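Each residue of the sequence shown is one higher than the last, beginning at 217 in the numbering used here. Reading through the structure tokens given below for one structure.
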Amino acid sequence: MRIIIRDMTKVDEYYVGTCTHVNENNIEREKSAPRRISWLRSMEKYGLRVKVALVDNIHAGFLYIMPIEINPWQIQGRELMVFPCLVSHSKFSKNGIGKKLVKTAEEETKRQDRKGIATIGYFWDFWFMPAEYFLKLGFKVAEKRGEEAILWKQFDQNAEPPHFREENYNFKPIRGKIVIDLFWNRFCLTSDVEAQRVREVVSEYGNDVILNEFSAVDQKILQQYGIERRIYVNGEMIEVGPEVEKSKLREAIKNALNKSN
């Protein structure tokens, strides 16, 4: 069995762009993939890298890593690298793919002369970014917020621990209109697909609904609001899953319209 970890090549782009959902005939993801790859490639000059794992030339996982100063996520700090997402296929779970990807990310951190590496993990019984996994790899808790925690390793004694961004959202009503405030980022497939769904639903209502977009890939926007993904309808937050269903958003708009009449 041959395992290699490499920087994303042209051959890997579809796999990374669809977040492993290759050849599933999902139109939304297929359309999102090139948008995401374009953004990822555009950020490489600022230090972003995508590490891709292959087992016997079969894609087995990947990891994004970037300077904390450009990351479109809830974590902030300085002179660190951040990996917001780590993907390792379950069928290769006994081969240490995740561990090898993290090690490669640590090597990239040192190569870019950064003082430490950080991520966000969760103390929950779910497969996505489990905090306990990273603790076993030597990470420590820098800050905890409910089940969510910033985990980090410092490679320099002068490294400053990262922390969560403070949220700063205030609804600004527009008389006679339903206002949707959409916080999204192109980095995440889920968020990019969701944002497009919101745009399509809003277009159905003509001038009755106003859409305000706040893109977290714009660091000025992210620093101002501290939110990387969320949907508000007239100031009320909409609970979302992997991606908000169009029917749920239409229902929220309908309820808001009924309240305004």
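C-beta: ideal position from N, C-alpha, C; glycine also. Just so you know, these numbers come straight off a predicted model, no measurement behind them.
CB of residue i within 7 Å of CB of residue j, strictly
i           : j           : result
residue 281 : residue 265 : yes
residue 473 : residue 417 : no
residue 367 : residue 350 : yes
residue 449 : residue 468 : yes
residue 365 : residue 378 : no
residue 220 : residue 279 : no
residue 305 : residue 332 : no
residue 196 : residue 361 : The chain is shown from 217 up to 477; residue 196 falls before or after that span and cannot be answered.
residue 246 : residue 409 : no
residue 495 : residue 263 : With the chain running from 217 to 477 in the structure shown, residue 495 is simply not present.
Backbone secondary structure at residue i - three-state DSSP
i           : result
residue 289 : coil
residue 393 : coil
residue 222 : strand
residue 375 : coil
residue 264 : coil
residue 310 : helix
residue 296 : coil
residue 229 : helix
residue 356 : strand
Straight-line gap, residue i to residue j (C-alpha atoms, nearest Å)
i           : j           : result
residue 294 : residue 268 : 25 Å
residue 348 : residue 339 : 7 Å
residue 353 : residue 315 : 8 Å
residue 390 : residue 398 : 16 Å
residue 334 : residue 299 : 7 Å
residue 388 : residue 322 : 43 Å
residue 415 : residue 435 : 22 Å
residue 318 : residue 470 : 46 Å
residue 231 : residue 401 : 19 Å
residue 289 : residue 404 : 10 Å
residue 302 : residue 236 : 12 Å
residue 453 : residue 384 : 14 Å
residue 330 : residue 274 : 31 Å
residue 286 : residue 461 : 29 Å
residue 423 : residue 394 : 9 Å
residue 458 : residue 406 : 6 Å
residue 311 : residue 345 : 18 Å
residue 421 : residue 445 : 23 Å
residue 429 : residue 439 : 15 Å
residue 324 : residue 233 : 21 Å
Start and end residues, alpha helix (DSSP H) containing residue i
i           : result
residue 278 : That residue, residue 278, is in no alpha helix (DSSP H); its beta strand (DSSP E) goes 274-283.
residue 255 : 243-258
residue 325 : 313-327
residue 352 : 347-352
Boundaries (first-last residue) of the beta strand (DSSP E) holding residue i
i           : result
residue 338 : 332-338
residue 369 : 364-370
residue 303 : 302-304
beta-carbon residue i near the ligand ZN non-hydrogen atom, thresh 6 Å
i           : result
residue 402 : This structure does not include the ligand ZN; it has no bound ligands of any sort.
Mind listing, in chain order, the continuous beta strand (DSSP E) runs of no fewer than 3 residues lying wholly within the segment 406-468?
425-431, 446-449
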